Each structure stands twice: as C-alpha cells, then as structure tokens.
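Numbering (full-length UniProt numbering), first residue to last: 1 to 286. Beneath this line is the structure, given in structure tokens, with notes to follow.
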Amino acid sequence: MLFHAQPLDPVAFEIGALSIQWYGILIVLGAAIGYIIATREAKKHGYPDDLFADLLIWAIPISIISARLYYVIFQFDYYAENPAQIIAIWEGGLAIHGGLIGAVITGIVFAKRRGYSFWKLADIAAPSIILGQAIGRWGNFMNQEAYGGEVSRGFLENLLLPDWIIDQMFIEGAYHHPTFLYESIWNVLGFALLIFILRRMNLRRGNVFLAYVIWYSFGRFFIEGMRTDSLMIGDFLQTAQMISVVLIAGAIFLMVYHRKKGIMEARYWDKDEKLIQKNKKKKKKK
Numbered sequence: 001m002l003f004h005a006q007p008l009d010p011v012a013f014e015i016g017a018l019s020i021q022w023y024g025i026l027i028v029l030g031a032a033i034g035y036i037i038a039t040r041e042a043k044k045h046g047y048p049d050d051l052f053a054d055l056l057i058w059a060i061p062i063s064i065i066s067a068r069l070y071y072v073i074f075q076f077d078y079y080a081e082n083p084a085q086i087i088a089i090w091e092g093g094l095a096i097h098g099g100l101i102g103a104v105i106t107g108i109v110f111a112k113r114r115g116y117s118f119w120k121l122a123d124i125a126a127p128s129i130i131l132g133q134a135i136g137r138w139g140n141f142m143n144q145e146a147y148g149g150e151v152s153r154g155f156l157e158n159l160l161l162p163d164w165i166i167d168q169m170f171i172e173g174a175y176h177h178p179t180f181l182y183e184s185i186w187n188v189l190g191f192a193l194l195i196f197i198l199r200r201m202n203l204r205r206g207n208v209f210l211a212y213v214i215w216y217s218f219g220r221f222f223i224e225g226m227r228t229d230s231l232m233i234g235d236f237l238q239t240a241q242m243i244s245v246v247l248i249a250g251a252i253f254l255m256v257y258h259r260k261k262g263i264m265e266a267r268y269w270d271k272d273e274k275l276i277q278k279n280k281k282k283k284k285k286k
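This is the structure we're talking about:
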C-alpha cells in the first residue's frame, strides 16, 4: 500500500474561536497586489491616488456577494436543504464569473458617479484583475477544489511538479489534474500579455479590458472541460464553458462594433477629457 501525505491544512491560523482560512488570505492577497498595480498605473494617467481604494471599498464586498450568489444559484438544490451553508464562503464556493459580473456593474456605476470613463478604468484594472485571479486560484488548491479528472502520480511527476502539489492533488483516493494550477499559469501569462500591450501598444479605449475577457475566457473554456466539480446547467452543459463562449463572442462584437461605429476613438494613453475638466474646475476653485 502506497503512503500518501496528509492534505495541507486549509486553516492558516486561529485567533481564539476564529479560524483564518488560506482561501480568504489568498483572495485578499490577490486583491491587494492588484490594487497596488492598478493604483500605480492610474497615477500615470493623472487619476487621484485614492481612486481605486474608493472603488475597491464597494467592489470587493459586492463581488464576493455576487460570486457567492452565482455559485448558490447553480447549486440551489443543495443550499435549499442546507441554507446555513450559504454564508460559509470560507469553505470555498465563489464563482469567478459571478464576481466579475458584480465588479463590472460596480465599476460602471462608480465611473458614472465620479464622471470618469468606465472603459479607461477597466483598461487600467484589467492586468490587476487577471493577476488577482491567478493568485486566488491557490485558495482552491488549499481547499482541494477546482481539480480535474483522475491521473497517475507518474503523470504529475512528469509535469515536474513538487511533491507538496502532487500530494495535495491526492483527493478521495486518487490523483487529479491540478486544473487550478493550469488556470493560474494561464492567467499569469495573460497578465504578462496585458502589461506588454499597455507598454508597447496604444489600443482603442476598452480594448485592453476586452482582450482580457477574451484571453481569460478562452483558457477557462478548455480548462473547465477538464474539471470534475463544475457548476452545471442540466447534466451535460458546464456553466463556465457556456459563459466563456458568450463572453468571447460579446467582446469580439464590441471591438468590431466600436470600430465600425467610430465609438471609442480615444486611445489608451489619450487623456480622459472628463478628468481634465474636473482638474480644471478644482484649480479654479483654489
């Protein structure tokens, strides 16, 4: 009989009766690093230092709620019988697509109320979002979720993975594809691509964010097909794959539509006219 190491403890530490989970720590870490990157980029465009801090005050809780609601809706039979588990987000169960829906809606409302271009803010935030997703996937690793079908230990060793990852992929008596890792790597590559685009190219406003949507959704479609714990619509349709196809089609449509209609003629490095007018008004008041 082969020896298999015990899974890593999902609890990072305890404060009295309060258990702090690695899942939550990694999500917060991803948001914090993303905030730092987005804030530095925003400063280059003349935005206030506290712009993304103000946005995140609303976006983080709303995104967590929407991510959980999305997950609960597609697992409704279980949560209808176990309503007390709905709030147990520390055990996992935050759907990224649900979180993105909440974040985008929050961003649109925030930008409108502040008088800024939503598309410009979305372009600035895009690299931070996908990097935060890459970090957050390691929370799934700690919870032993978001994994794929069964594989042999030899398969995982051939991927040159360290033992602590291989051992954590031993779940319910078998080794599994580390799909969390595949997606995390894909997202890191997407982060590098988006940073390259920002530094080397001057795309139409909104296209950086739409490129993020296409990149993430393309990878998610194929990686999701490997998973065994996907949210489902019926018995055969994986929700994330369907949403990924819709998002790719929608992003391409918006790129083409904006170009044909002459919308979003401004480029990424062009000044935000609304921001310029705001700064002028502030100077007059002084």
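Cβ atoms here follow ideal geometry from the backbone N, Cα and C, with glycine treated the same way. Note that the structure is predicted; figures quoted are calculated from it, not measured.
Q. What did DSSP end up calling Gly148 once you bin it into helix, strand or coil?
A. For the purposes of this step, residue 148 is taken as residue 148 along the sequence shown, with counting starting at 1. Strand at Gly148.
**Message:** Ignoring anything shorter than 3 residues, give me the beta strand (DSSP E) runs that lie fully in the segment 151 to 220, in order along the chain.
**Reply:** 174 to 176
* Asked: At a cut of 8 Å, does the segment 232 to 239 reach the segment 119 to 129 through at least three beta carbon pairs?
  -> no
| message | Please report the straight-line C-alpha distance between Ile195 and Tyr216, rounded to a whole angstrom. | response | If you number the sequence shown from 1, residue 195 lands on position 195. If you number the sequence shown from 1, residue 216 lands on position 216. If you take the alpha carbons of Ile195 and Tyr216, they lie about 14 Å apart.
Find the nearest neighbour of Glu172 within the set Trp186, Asn158 and Glu145, judged by alpha-carbon distance.
-> In the sequence shown, the residue the question calls residue 172 occupies position 172. Minimum Cα distance to Glu172 is reached at Glu145.
Please classify Met1 as buried or exposed, where buried requires at least 16 neighbouring CB atoms within 10 angstroms.
One-based indexing of the sequence shown puts residue 1 at position 1. Residue placement at Met1 is flagged as unreliable, the pLDDT there being 43, under the threshold of 50; the coordinate-derived value follows with that caveat. Label assigned to Met1: exposed.
Once the 5 residues before and after Ile149 are set aside, which same chain residues still bring their CB inside 7 Å of it?
Here residue 149 is taken as the residue at index 149 of the sequence shown, counted from 1. Here the sequence assigns Gly to residue 149, which means Ile is not the residue at that position. His176, His177, Met226 and Thr228.
Between Val72 and the rest of its own chain, which residues show a CB-CB distance below 7 Å, the 5 nearest in sequence each way excluded? Numbered from its first residue, the sequence shown carries residue 72 at position 72. For Val72, where only same-chain residues beyond five positions count, the Cβ hits under 7 Å are Tyr79 and Ile86.
Comparing C-alpha positions only, which one of Ile20, Arg204, Glu224 and Phe74 sits nearest to Ala266?
Here residue 266 is taken as the residue at index 266 of the sequence shown, counted from 1. Nearest of Ile20, Arg204, Glu224 and Phe74 to Ala266, Cα basis: Arg204.
Practice item. Say whether the segment 129 to 139 touches the segment 54 to 63, bearing in mind that this needs 3 or more beta-carbon pairs closer than 8 Å, one atom from each stretch. Key: no
Can you tell me whether Ala31 is buried or exposed, with buried defined as 16 or more other CB within 10 angstroms of its CB? Indexing the sequence shown from 1 puts residue 31 at position 31. Under a 10 Å Cβ-count criterion, Ala31 is classified as buried, with 16 or more other Cβ atoms of the shown protein chains found around its own Cβ.
*Thinking just about the alpha-carbon of each residue, which of Val246, Phe221 and Val109 is nearest to the one in Tyr182?*
What you label residue 182 is simply residue 182 of the sequence shown in a count that begins at 1. Selected option, being the one with the closest Cα: Phe221.
Exercise for the section: Would you list the one or two residues that DSSP bridges to Ser19? Expected result: Locating residue 19 in the sequence shown gives position 19, counting from the first residue. Paired residues: Glu14.
- Task: Find the nearest neighbour of Tyr257 within the set Asp272, Ser230 and Asn207, judged by alpha-carbon distance.
- Result: Along the sequence shown, read from residue 1 onward, the residue named residue 257 stands at position 257. Ranking the options by Cα distance to Tyr257, first place goes to Asn207.
- Based on the DSSP output, what are the partners of Met232 in its beta bridges? On the sequence shown, residue 232 is found 232 positions in, with the first residue counted as 1. Gln238, per the DSSP bridge assignment.
Item to check | Distance, Gln75 Cα to Lys43 Cα | outcome: Within the sequence shown, numbered from 1, the residue matching residue 43 stands at position 43. Within the sequence shown, numbered from 1, the residue matching residue 75 stands at position 75. Distance between the alpha carbons of Lys43 and Gln75: 42 Å.
Check: Between Trp186 and Leu18, what straight-line distance do the alpha-carbon atoms span, to the nearest angstrom?
Finding: Your numbering for residue 186 matches position 186 in the sequence shown. Your numbering for residue 18 matches position 18 in the sequence shown. Those two C-alpha atoms are separated by around 34 Å.
Please determine, among Gly98, Leu193 and Lys261, the residue with the shortest C-alpha to C-alpha distance to Ile64. In the sequence shown, residue 64 corresponds to position 64, counting from 1. The shortest Cα separation from Ile64 among Gly98, Leu193 and Lys261 belongs to Gly98.
Those runs of the alpha helix (DSSP H) which lie wholly inside the segment 36 to 88 and span at least 4 residues
51 to 73 and 76 to 81
Is the Cβ-Cβ distance between Gly102 and Leu121 less than 8 Å?
On the sequence shown, residue 102 is found 102 positions in, with the first residue counted as 1. On the sequence shown, residue 121 is found 121 positions in, with the first residue counted as 1. No.
Going by beta carbon distance, what residues of the same chain come within less than 7 Å of Leu156, once the five residues before and after it are set aside?
In the sequence shown, residue 156 corresponds to position 156, counting from 1. So the list reads Ile166, Met169 and Tyr175, once near-sequence residues are dropped.
Beta carbon of Ser230: closer than 7 Å to some heavy atom of the ligand GTP? Looking for the ligand GTP in the displayed structure turns up nothing, as the structure carries no ligands at all.
**Report entry** Minimum C-alpha distance to Ile248 - residue among Tyr212, Ile37, Ile233 and Ile15
**Finding:** Translated into the one-based positions of the sequence shown, residue 248 becomes position 248. Checked all of Tyr212, Ile37, Ile233 and Ile15; the closest Cα to Ile248 is Tyr212.
CB-CB under 8 Å to Lys271, same chain, minus the five flanking residues each way: which ones, in chain order? As a first step, residue 271 is located in the sequence shown; it is residue number 271 there, counting from the start. Only His45 and Gly46 meet the Cβ criterion.
From Ala251 to Ile25, what distance separates their C-alpha atoms? Residue 251 sits at position 251 when you count from the first residue of the sequence shown. Residue 25 sits at position 25 when you count from the first residue of the sequence shown. When rounded, the distance between both Cα atoms is 32 Å.
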